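*Asks:* Got a structure for you, written out below as structure tokens; questions coming shortly.
Number of protein chains: 2
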Amino acid sequence: MNPSRHHGGRQCGTSYDVAREAGVSQSTVSRVFRPGTSVAPATRARVMAAAARVGYRPNAIAASLITRRSNLVAVVISNLTNLHYPEVLAELTRRLSAEGLRVLLFTLSTESEIDAVLDQIWRYRVDGAIVAARLSAKQQAAFVHEGVPLVLYNRPGHDGIASSVCCEAASGEQLLIDGLLCAGRRRFGLIAGPADSAVGEARIAAARARLEAAGLLPVAEERGDFSHASGLAATRAIIAAHRLDAIVAANDVMALGALDVLRHEAGLAVPADVAVVGFDGVAPAAWPAYRLTTVRQPVEAMTDAAVRLLLTRIAEPGRPAEQLLFAGALVPGATAPLG
Amino acid sequence: MNPSRHHGGRQCGTSYDVAREAGVSQSTVSRVFRPGTSVAPATRARVMAAAARVGYRPNAIAASLITRRSNLVAVVISNLTNLHYPEVLAELTRRLSAEGLRVLLFTLSTESEIDAVLDQIWRYRVDGAIVAARLSAKQQAAFVHEGVPLVLYNRPGHDGIASSVCCEAASGEQLLIDGLLCAGRRRFGLIAGPADSAVGEARIAAARARLEAAGLLPVAEERGDFSHASGLAATRAIIAAHRLDAIVAANDVMALGALDVLRHEAGLAVPADVAVVGFDGVAPAAWPAYRLTTVRQPVEAMTDAAVRLLLTRIAEPGRPAEQLLFAGALVPGATAPLG
DNA sequence: CTGTTAGCGCTTTCAA
DNA sequence: TTGAAAGCGCTAACAG
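Sequence order for the protein chains is A and B.
Heads up: the first sequence runs through residues 156 to 494, numbered per this note's numbering.
Heads up: the second sequence runs through residues 156 to 494, numbered per this note's numbering.
Pasting the structure below:
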């Protein structure tokens, strides 16, 4: 009833323009561009031709308004600089678009930005969210309150409110630590992640637990922030004060930093003098210069699960949250002999 | 006039619900939640209180429909696995959100997906797009036709249709090649990127040009796909057939692959036997295990420019496209003595 | 400063 | 199979 007035300049046509051009009603045009609707072949052809002439593109925004499905999924990632997350993001994006969902990306420079991000998430009426960032219990509860299905990635879900996909730390660290012990290592240095990282703490706790099970205590402990620079700093601090024969880092990037300090600053041989292990399985860890012994997160399986979990919760909002745990795979490298 | 019927479950309230609750008109509610509008302090307070009670969130989708501004920017990146692009993406996202714009992310597994991506871009009525992927002249023209401002990232704009920001290859390669020549290197091996990568070709062409200016031809040339594995393969192929004293790679990641083969497979000393240089300035290139001599792209300046270019074209759609060129900065490493 | 009135472009009953 | 009519939740003149 109201053909577009082209008031902005070269606007693209609306379904009314197409309808007029094709001599059908606007709702017929709408049907032609919607899957699973039945339109007479002849009508469909006329409409398609008219649409091409007018340069018509269905307006997803307008459709979202009425269907209450934006086909948008918010993906929140705290540190894209982590080298592991670009891979996760690429996989998530690939799988989501295969499901017809678009990615609204949010990255955090500082954790304090999270509330502003959540506000935007509510405003855009996303169909769901996959979050790889710290979320307080209150923030997780907000998703329930707003009716937005939430899947946490490598973060524990606060008592069943949110679904989550995690790479379990215990079995991986057990493989690493037990192997090192078996190979005769006794003096361990630990490089933890930031205190507010649940996965980081879980990994270090698991490592410590295995040591204690063997009647050992770590010789030294330092904290980093998952960055290479912090791996360098932590290792310098540790070897300045202690003599040890194994370093266990909470992630690969810090482990690579440790390797760099040991070999290029301290003149120590790896693994002859000191063994080093990490966690994640990032690409550079496998490069010949490092060949780090580590545990690789099953990114394919985890991202697949994250998307699948999200889809089912979008389809059935009432469904209870699920916590999925994946085991990492040992990647035997050259930086640690494992008994 | 039409309070929400809560038909889905826990829907969040609409501006009508708030209006009724606060005893004002719906448009007053709208004003309260829009910057730059004047509302009596008392009214504003009443509305805010009512909004909190109702759990009201402005609906960005509905606002977009009428303002014809979605505040969405499409960001298209072809290979997030490139190690340089996560950094670019993080910076772009940070700057865009600082400008009140949201990122709709598209990644390409294969270049053939691009048309499907463009279709989605049109449907979501994005305010603009920043693209780091190959776009044909026709595809670039489509942006003009659809009225979507386009900024190409590290891709040349097809005769003034699209704006672009690029890291210029010539001056960087000149620093590298002239330095190597000055240090007495004469037998060069080149590792190019994929043939359809404009930046890759520009870098290798620039390197070749400097060699020719010195009366030299490359001893060997191989093509990779910017990945570490392809750097390994190219280097193996080159050194199997030729004796050389310098390798010039089209990007850092392949250069790191070259280093790995030279040192860990061929038993050659770098830079004593063979010098290696790259391009980009990715993080691992600076790590002690590599200390690659390279040219760093000014990511901050480039992403800043990309966003600024996009903003001005959004503000003034008639404005002609601009091509911005940035010079890279030499990062003297330990893999190549530069005369 | 506030309310009234029209839509933005589409989907969705409901009839025909 | 198609069309008419009624909104989705909001912004944007225009009065008052």
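Heads up, the beta-carbon is just placed ideally off N, CA and C, and yes, glycines get one too.
Keep in mind it's a predicted model, so treat the numbers as computed, not measured.
Output needed for Arg199 of chain A: all residues of its chain with C-beta closer than 7 Å, excluding positions within five of it in sequence on either side, in chain order.
*Replies:* Taken in chain order, the residues that qualify are Val187.
*Asks:* Going straight from the alpha carbon of Asn309 of chain A to that of Pro443 of chain A, what length do you get?
*Replies:* About 28 Å.
*Asks:* Evaluate Thr490 of chain B with the Cβ neighbour count: other Cβ atoms within 10 Å of its Cβ, from every protein chain shown; 16 or more gives buried, anything less gives exposed.
*Replies:* Classification for Thr490 of chain B: buried.
*Asks:* Can you tell me whether Arg358 of chain B is buried or exposed? The criterion is at least 16 other CB atoms within 10 Å of its CB, across all chains shown.
*Replies:* Arg358 of chain B is buried by the Cβ-count criterion.
*Asks:* Whose C-beta lies closer than 6 Å to the C-beta of Asp380 of chain B among residues of the same chain, with five residues either side of it excluded?
*Replies:* These residues qualify, in order along the chain: Pro349.
*Asks:* With 8 Å as the threshold, decide whether the Cβ of Leu265 of chain B is near any Cβ in chain A.
*Replies:* The sequence given here places Thr at residue 265 of chain B; Leu does not occur at that position. Taking Cβ atoms only, chain A never reaches closer than 8 Å to Thr265 of chain B, which makes this a no.
*Asks:* Per DSSP, Ile402 of chain A is paired with what?
*Replies:* In the DSSP output, where bridge partners are listed per residue, Ile402 of chain A has A:Gly344 and A:Val431.
*Asks:* Taking 8 Å as the threshold (C-beta atoms), are Val306 of chain A and Ala317 of chain A in contact?
*Replies:* A contact, by the Cβ cut-off of 8 Å.
*Asks:* Using only the alpha-carbon positions, how far apart do Thr248 of chain A and Leu465 of chain B sit?
*Replies:* Whole-angstrom Cα-Cα distance: 24 Å.
*Asks:* So which of A:Ala362, A:Glu323, A:Ala384 and A:Asp428 has the shortest CA-CA distance to Val454 of chain A?
*Replies:* Comparing Cα positions, the closest option is A:Glu323.
*Asks:* Let me see if you follow: with CB-CB separation under 8 Å, is Glu176 of chain A close to chain B or not?
*Replies:* Not closer than 8 Å to any Cβ of chain B, the Cβ of Glu176 of chain A fails to qualify, so no.
*Asks:* On a CA-only basis, which of A:Val202, A:Asn237 and A:Asp333 is nearest Ser180 of chain A? Give me that one, please.
*Replies:* When only C-alpha atoms are compared, the closest one is A:Val202.
*Asks:* Between the alpha carbons of Val209 of chain B and Val231 of chain A, how many angstroms are there, rounded?
*Replies:* Looking at the two C-alpha atoms, the distance is approximately 27 Å.
*Asks:* What separation, rounded to the nearest whole angstrom, lies between the Cα atoms of Gly191 of chain B and Phe298 of chain A?
*Replies:* The straight-line gap from Cα to Cα measures roughly 30 Å.
*Asks:* Using only the alpha-carbon positions, how far apart do Arg378 of chain B and Ala284 of chain B sit?
*Replies:* Straight-line Cα distance between these residues: approximately 30 Å.
*Asks:* Using DSSP's beta-bridge definition, name the partner residues of Ser319 of chain B.
*Replies:* Its beta-bridge partners are B:Leu307 and B:Gln478.
*Asks:* Per DSSP, which one or two residues make a beta bridge with Gly283 of chain A?
*Replies:* Its beta-bridge partners are A:Val228.
*Asks:* Just how far apart, CA to CA, sit Asp428 of chain B and Asp407 of chain B?
*Replies:* If you take the alpha carbons of Asp428 of chain B and Asp407 of chain B, they lie about 20 Å apart.
*Asks:* According to DSSP, is Arg378 of chain A part of a helix, a strand, or is it coil?
*Replies:* Here Arg378 of chain A sits in strand by DSSP.
*Asks:* Could you tell me whether the region 256 to 267 of chain A touches the region 471 to 491 of chain A, using the rule of 3 or more Cβ pairs below 8 Å?
*Replies:* Verdict: no, contact absent.
*Asks:* Can you find a CB in chain B that lies within less than 8 Å of the CB of Gly428 of chain A?
*Replies:* The identity of residue 428 of chain A in the sequence shown is Asp, whereas the question assumes Gly. Asp428 of chain A does not count as touching chain B.
*Asks:* Can a CB atom of chain B be found closer than 8 Å to the CB of Ser170 of chain A?
*Replies:* Not one chain B Cβ lies under 8 Å of Ser170 of chain A.
*Asks:* CB-CB under 6 Å to Pro196 of chain A, same chain, minus the five flanking residues each way: which ones, in chain order?
*Replies:* Closer than 6 Å at Cβ, skipping near neighbours: no residue.
*Asks:* Check this for me: beta carbons of Val450 of chain A and Leu345 of chain A, under 8 Å apart or not?
*Replies:* Cβ atoms of Val450 of chain A and Leu345 of chain A: not closer than 8 Å.
*Asks:* Is it the case that the region 359 to 366 of chain B contacts the region 382 to 399 of chain B, given that we only count it when at least three CB pairs across the two stretches are under 8 Å?
*Replies:* Counting Cβ pairs under 8 Å, fewer than three are found: no touch.
*Asks:* Listing by chain order, which chain A residues have their CB less than 7 Å from the CB of Ser502 of chain B?
*Replies:* In the structure as shown, chain B starts at 156 and stops at 494, and residue 502 of chain B therefore has no counterpart that could be examined.
*Asks:* Can you tell me where the beta strand (DSSP E) holding Val450 of chain B begins and where it ends?
*Replies:* Taken as a continuous stretch (DSSP letters only), the beta strand (DSSP E) holding Val450 of chain B covers Thr449 to Arg451.
*Asks:* Are the CB atoms of Arg418 of chain A and Arg342 of chain A nearer to each other than 8 Å?
*Replies:* It is not a contact, given that the beta carbons lie outside the stated cut-off.
*Asks:* Rounded to a whole number of angstroms, what is the C-alpha to C-alpha distance between Pro158 of chain A and Val272 of chain A?
*Replies:* Low confidence applies to Pro158 of chain A: its pLDDT is 38, below 50, so where it sits in the model is not reliable, and the reading given next is rough at best. Using only the alpha carbons, I get a separation of about 37 Å.
*Asks:* Does Gln275 of chain B come within less than 8 Å of chain A when only Cβ atoms are used?
*Replies:* Output row for Gln275 of chain B: interface = yes.
*Asks:* Hey, does Val354 of chain A have any beta-carbon neighbour from chain B nearer than 8 Å?
*Replies:* Val354 of chain A does not count as touching chain B.
*Asks:* Give the DSSP-derived three-state secondary structure of Phe261 of chain A in the structure shown.
*Replies:* Three-state DSSP puts Phe261 of chain A in a strand.
*Asks:* Report all residues from its chain with a CB closer than 7 Å to the CB of Ala296 of chain B; omit the five preceding and five following residues, and keep chain order.
*Replies:* These residues qualify, in order along the chain: Ile316.
*Asks:* For Leu256 of chain A, name the three-state secondary structure that DSSP assigns.
*Replies:* Three-state result, Leu256 of chain A: coil.
*Asks:* By how many angstroms is the C-alpha of Arg340 of chain B removed from the C-alpha of Leu256 of chain A?
*Replies:* Their Cα atoms are separated by approximately 53 Å.
*Asks:* Candidates A:Val462, A:Ala215, A:Ser382 and A:Thr467: which alpha carbon is nearest Asn111 of chain A's?
*Replies:* Outside the modelled stretch of chain A, which goes from 156 to 494, sits residue 111 of chain A, for which no answer is possible.
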